[in-house]
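>
Protein chains: 2
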Amino acid sequence: MHLLIIGGSDAGISAALRAHEIDPAADITLLLADDYPNFSICGLPYFLSGQTPHWQQLAHRTDFPGIRVLRGHIARSIDAVARRVHVEHAGALRPIPYDRLIVATGATPVRPSITGGTLEGVYTLHTMDESFAIDRHITERSPRSAVIVGAGYIGLEMADALTRRGLQVTLLSRSTDVLPTVDAALARRVVDELHHHGVRVVSGVSAQRIDAAGAGGTAFALRVADSEGGRHGADLVILAVGVRPSSELAERAGAALGVHGAIAVTRQMQTNLPDVLAAGDCATTYHRLLDAPTYLSLGTIAHKQGRVAGERAVGGACEFAGTVGSQSLKVFDLAIARTGLLGHEARDAGFDPLTVAIQADDHKSYFPGAVPLQLRITGDRRSGRLLGAQILGDRRAEVSKRIDIVAAALYQGASVEQLNELDLTYTPPFSSPWDPVQLAAQAWQAQRAARGRSV
Amino acid sequence: MHLLIIGGSDAGISAALRAHEIDPAADITLLLADDYPNFSICGLPYFLSGQTPHWQQLAHRTDFPGIRVLRGHIARSIDAVARRVHVEHAGALRPIPYDRLIVATGATPVRPSITGGTLEGVYTLHTMDESFAIDRHITERSPRSAVIVGAGYIGLEMADALTRRGLQVTLLSRSTDVLPTVDAALARRVVDELHHHGVRVVSGVSAQRIDAAGAGGTAFALRVADSEGGRHGADLVILAVGVRPSSELAERAGAALGVHGAIAVTRQMQTNLPDVLAAGDCATTYHRLLDAPTYLSLGTIAHKQGRVAGERAVGGACEFAGTVGSQSLKVFDLAIARTGLLGHEARDAGFDPLTVAIQADDHKSYFPGAVPLQLRITGDRRSGRLLGAQILGDRRAEVSKRIDIVAAALYQGASVEQLNELDLTYTPPFSSPWDPVQLAAQAWQAQRAARGRSV
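Protein sequences, first through last, are from chains A and B.
Position in the first sequence (first residue = 1) + 10 = our numbering.
Position in the second sequence (first residue = 1) + 10 = our numbering.
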């Protein structure tokens, strides 16, 4: 049985390792387009900030026992009938046959088609090579300022990273605030944190064009024009407006695409092509709360889907349990995390959402170092079902693992009441007798009851 | 409807507040034996360490709207037939009638019946008055050294606290290590931490007698003789060998007692006496994994049981969801947390437990500040059911909220496989694509499979 895997990032490597673990006799080949197997894309901002001094540290793993890893091998086409992949390496094309194929081609940063989008000094950030290019630019040209286009995860992490490298950063955000993946009340606090660290935030705009602003002197190398008439000088521009699934290769072979143009897969990670599976950023993601496929480009999902695909490819019976949309982010000294659905997402899905916000200390205020957390909890007014939560607070306040408590409850389809019933730990330095997520659940229940009476 | 509550610590106050919230018209009287309503017993070590400078900070709440709080009122007897409680206040006894009664009399520290156990300078720690006495002793007499008898939560927290106050601390532990509520492998690391901060640990011994060692000079004021012939000089002795439920008052009124001598209650917090409920440290605790009552003296449980008792007392329909045994502790710079059952507890309960240990970094090692966590996960070999987990690591490594993820899974009766499937957050500064608790789950699954093959 020859298992061929296209892609050597999180999903591909996870699939290979799991297949080998389940069936040590399986013949496994993994095609890697570049020279960097299993490098952490999520770690690129920390390499660029200088917090991760050596790029080699970014490898999740460096050892792949039982797996034939072919570096610099680019899959050019899949013949799903003849069961082979045409692979380019060192200028030559050759077919590699397979019994089972896993497509794990990942995602590609969206490069907005604006004038000047490919000028020197304008970068996207998704690969090691792009990271090296940006790092070289900073080291060799000592840019004074940067414009970052996009205020999602990568945009915010890069604002933090480049500020740390001494650049004056301007962040262009298309939404009213930043980070459209959380509610505005929290996003505004992220903006405060950015301001506090000297980042200029220009919101409600998109980039319209980029010009080379003239060489040398005191002028900046580039100038970004935004949709509201603003002009922003910069020596470096990062385009961070999101990613799209790299699904063309599979599509050309006949794979059906689903939401957001990702390869449509079942919970068994099966595509519509026989013996062709797909996993990770190139594929759709089953969402447990929506009970439907969605698209989310996240390392956690890539790892999980890869593990399932690898196990299925060698005959295992598992399936992907699905996402509940759990995500976290550090920006300077803030942690922001969410899980489940935002109010508008829940409404679109047919729920009757109520979101309640509270502030609570991360631990008993009488123990030194207590800090306030902002919590928002969303539940279905009709059924009482828990639908999601968002937390923002100091990065030392266990924000992300608190969201994970809610994520664990969501996984099981818990009610808001059950979140409040959980037997969570307490000691004054770490929490309160009711954890803040439970205080939020209680506030939600009280507000639901009060509204019920007033209707 | 007159609701009478005996006890003004966590359970009693929670009951009163919840009853008032559900039925603002309810007539609620709360009897408080001392002058300190709703003070955090868990916070006493931090008052004594000096980290909580003002004792008033230890109040969870100071405002009790809609509740008649009678301070210095001691319930002397309950007449469950005539529905009244005989209450002593300022030397006089008077009956207070009730329609519903909640007994929340808490727990009492066990004072071992050893010679010298009541000498001056020998203390237990459970009330504000005891805290004041110890604090006064330290402030006025400048003791150089302390012997702490007992190495559970209070013993360890007091070792930390008194070291911080400048005392040389000797800790006498009855078990082979310390902290018998976690596995020995973790307990040994707690011992290392104690040693690292200058605490002498004498294990496998109990205190046999305490002598006044002679006044003045360089001699210590007290001398503790242990069961192995050791002699330990001290100027201060703390007895911290556990608590027992304060259930005598209810027992004399005809309440049936259950496990550990606690008042037997249903999940509705009902005793066997009509219209008499009980909650908190004086009552038994339903355990979800054991599906049986147990006894656990924890603030989290007292709050939850109090909330249920208060709601039921005014006609609500809720019930106590039960504990899964979640507990956490900070000792110097270490956090230790557990949830569920230890291996031997699971075996006693009829499970076929397998415990697997791993070490994993709290977050990606390429981001500064990563520290190793010690994780132990216990599951049932036959069914694959998750039974418990223990984590130890640096106090900044989100140990307690990581255990809470497992606690949330345990609440729902999850399998070890489902723990691995949870959609938890990831960003390099806070975790890994698989959280350490999931890596532990994977290691458990692999070891279970390997043992299955070898049998």
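Glycine is no exception: its CB is placed at the ideal position from the N, C-alpha and C atoms.
For clarity, every value in this text was computed on a predicted model and none was experimentally measured.
In terms of residues, what are the limits of the beta strand (DSSP E) holding Y296/B?
By one-based count along the second sequence, residue 296/B stands at place 286. T295 to H297 is the extent of the beta strand (DSSP E) around Y296/B.
> Measure how close the beta-carbons of D45/B and G82/B come, nearest whole angstrom, since I'm counting them as under 8 Å.
Along the second sequence, read from residue 1 onward, the residue named residue 45/B stands at position 35. Along the second sequence, read from residue 1 onward, the residue named residue 82/B stands at position 72. Right, the Cβ-Cβ distance comes to about 6 Å (below 8 Å), so this counts as a contact.
> Rounded to whole angstroms, what is the Cα-Cα separation between A10/B and Q400/B?
A question about residue 10/B goes unanswered here, because the residues of chain B that appear run from 11 up to 465.
> Nearest to G76/B by alpha carbon, out of L27/B, A90/B, V159/B and I88/B?
Taking the first residue of the second sequence as 1, we reach residue 76/B at position 66. It is L27/B whose Cα lies nearest to the Cα of G76/B.
> Can you pull the chain B neighbours of E408/A, defined as C-beta to C-beta under 8 Å?
Residue numbering aside, residue 408/A sits at position 398 when the first sequence is read from its first letter. In chain order: E408, S410 and K411.
> For S338/B, report the span of its beta strand (DSSP E) as first-last.
Counting from one through the second sequence, the residue named residue 338/B turns up at place 328. Taken as a continuous stretch (DSSP letters only), the beta strand (DSSP E) holding S338/B covers Q337 to V341.
> Does the beta-carbon distance from P105/B to V95/B come in below 9 Å?
Within the second sequence, numbered from 1, the residue matching residue 105/B stands at position 95. Within the second sequence, numbered from 1, the residue matching residue 95/B stands at position 85. The answer is yes: Cβ separation under 9 Å.
> If you reduce the DSSP assignment to three classes, tell me which class E203/B lands in.
Translated into positions along the second sequence, residue 203/B becomes position 193. The answer is helix: DSSP assigns E203/B an H, G or I state.
> For the alpha helix (DSSP H) containing P55/B, list its first residue and its last residue.
The residue given as residue 55/B occupies position 45 in the second sequence. Residues L54 to S59.
> Would you report the Cα separation of L166/B and D445/A, rounded to the nearest angstrom?
Position 156 of the second sequence, counting from 1, holds the residue named residue 166/B. Position 435 of the first sequence, counting from 1, holds the residue named residue 445/A. Computed Cα separation, rounded: 23 Å.
> Using a C-beta cutoff of 9 Å, does Y421/A count as contacting chain B?
Position 411 of the first sequence, counted from the start, is the residue given in the question as residue 421/A. Cβ-Cβ to chain B under 9 Å: yes for Y421/A.
> Taking 9 Å as the threshold (C-beta atoms), are T276/A and R298/A in contact?
Translated into positions along the first sequence, residue 298/A becomes position 288. Translated into positions along the first sequence, residue 276/A becomes position 266. In this structure, T276/A does not lie closer than 9 Å to R298/A by Cβ.
> Of the residues that make up the stretch 302-317 of chain B, which ones have a beta carbon closer than 8 Å to any beta carbon in chain A?
Against chain A - using a Cβ distance shorter than 8 Å - the residues of the stretch 302-317 of chain B are L308, G309, T310, I311, A312, H313 and K314.
> Please report the distance separating the alpha-carbon of F230/B from that of L129/B.
Within the second sequence, residue 230/B is the residue found at index 220, counting from 1. Within the second sequence, residue 129/B is the residue found at index 119, counting from 1. F230/B and L129/B: Cα-Cα distance of roughly 14 Å.
> Measure the C-alpha to C-alpha separation of L307/A and A380/A and round it to an integer number of angstroms.
As a working mapping, residue 307/A is identified with position 297 in the first sequence. As a working mapping, residue 380/A is identified with position 370 in the first sequence. It is Ser, not Leu, that sits at residue 307/A in the sequence shown. Their backbone Cα atoms lie some 34 Å apart in a straight line.
> Any beta carbon of chain A sitting closer than 9 Å to that of G271/B?
Numbered from its first residue, the second sequence carries residue 271/B at position 261. No, its Cβ sits nowhere closer than 9 Å to a Cβ of chain A.
> Assuming I15/A and I88/A make a contact with CB atoms under 8 Å, what is their CB distance in whole Å?
Counted from its first residue, the first sequence places residue 15/A at position 5. Counted from its first residue, the first sequence places residue 88/A at position 78. In fact, because the Cβ distance is near 12 Å, the residues do not count as touching under 8 Å.
> Along chain A, in chain order, which residues have C-beta atoms closer than 9 Å to that of R405/B?
Numbered from 1 along the second sequence, position 395 holds the residue referred to as residue 405/B. Correct list: P439 and F440.
> Which same chain residues, not among the five before or five after C52/A, have their C-beta less than 7 Å away from its C-beta?
Working through the first sequence from its first residue, we reach residue 52/A at position 42. G309, listed in sequence order.
> L397/B and V447/B look like a contact to me (Cβ under 8 Å); what is the Cβ gap, rounded to whole Å?
To locate residue 397/B, count along the second sequence from 1; it is residue 387. To locate residue 447/B, count along the second sequence from 1; it is residue 437. About 14 Å separates the two Cβ atoms, so there is no contact after all.
> Under a three-way DSSP split, which group does P446/A fall into?
What you label residue 446/A is simply residue 436 of the first sequence in a count that begins at 1. Here P446/A sits in helix by DSSP.
> State the Cα-Cα distance for the pair P439/A and Y421/A, rounded to the nearest angstrom.
The count along the first sequence starts at 1 and reaches residue 439/A at position 429. The count along the first sequence starts at 1 and reaches residue 421/A at position 411. Their backbone Cα atoms lie some 28 Å apart in a straight line.
> Quick one, which of A293/B, D221/B and L172/B has its alpha-carbon nearest V341/B's?
Taking the first residue of the second sequence as position 1, residue 341/B is located at position 331. Considering only alpha carbons, the answer is L172/B.
> Looking only at DSSP bridge pairs, what is R348/A linked to?
Residue 348/A sits at position 338 when you count from the first residue of the first sequence. Answer by DSSP bridge pairing, in chain order: Q337/A and Q400/A.
> If we call anything under 9 Å between Cβ atoms a contact, is C292/A one with A331/A?
For the purposes of this step, residue 292/A is identified with residue 282 of the first sequence, where counting begins at 1. For the purposes of this step, residue 331/A is identified with residue 321 of the first sequence, where counting begins at 1. Their beta carbons are not under 9 Å apart, which means C292/A does not touch A331/A by this criterion.
> Using the Cβ count rule (16 or more neighbours within 10 Å means buried), how would you classify L54/A?
By one-based count along the first sequence, residue 54/A stands at place 44. That one is buried.
> List the residues of chain A that F377/B touches, going by C-beta distances under 8 Å, in chain order.
Position 367 of the second sequence, counting from 1, holds the residue named residue 377/B. Ordered by position in chain A, the residues that pass the 8 Å Cβ test against F377/B are G53, Y56, Q61 and T62.
> T72/B CB to nearest chain A CB: under 9 Å?
Indexing the second sequence from 1 puts residue 72/B at position 62. False, the Cβ-Cβ gap to chain A never drops below 9 Å.
> With DSSP run on the structure shown, which of helix, strand or coil describes G389/A?
The residue labelled residue 389/A in the question sits at position 379 within the first sequence. If DSSP states are grouped into helix, strand and coil, G389/A belongs with the strands.
> Which class does T125/B belong to by DSSP, given the choice of helix, strand or coil?
Stepping through the second sequence from its first residue, residue 125/B is reached at position 115. Note: T125/B maps to strand in three-state DSSP.
> What residues from chain A crowd round Q67/B, counting only those whose CB sits closer than 8 Å?
Locating residue 67/B in the second sequence gives position 57, counting from the first residue. The contacting residues are S375 and Y376.
> Would you say Y436/B reaches chain A, if we count a Cβ-Cβ gap shorter than 9 Å as a contact?
On the second sequence, residue 436/B is found 426 positions in, with the first residue counted as 1. Yes, contact with chain A.
> So the candidates are D221/A, A319/A, F57/A and A289/A; which of them puts its Cα closest to the Cα of S375/B?
Start at 1 with the first residue of the second sequence, and residue 375/B comes out as number 365. Answer by Cα proximity: F57/A.
> Taking the beta carbon of Q369/B as the centre, do at least 16 other beta carbons fall within 10 Å, making it buried, or is it exposed?
For the purposes of this step, residue 369/B is taken as residue 359 along the second sequence, with counting starting at 1. Counting Cβ neighbours within 10 Å, Q369/B comes out exposed, since fewer than 16 surround it.
> Starting from the Cα of D371/B, find the closest Cα among S216/B, D343/B, L449/B and A169/B and give me that residue.
By 1-based counting over the second sequence, the position of residue 371/B is 361. Nearest C-alpha to D371/B: L449/B.
> Where do the N-terminal and C-terminal ends of the beta strand (DSSP E) with D139/B fall, by residue?
In the second sequence, residue 139/B corresponds to position 129, counting from 1. Where D139/B is concerned, there is no enclosing beta strand (DSSP E), although the alpha helix (DSSP H) it sits in stretches over M138 to R151.
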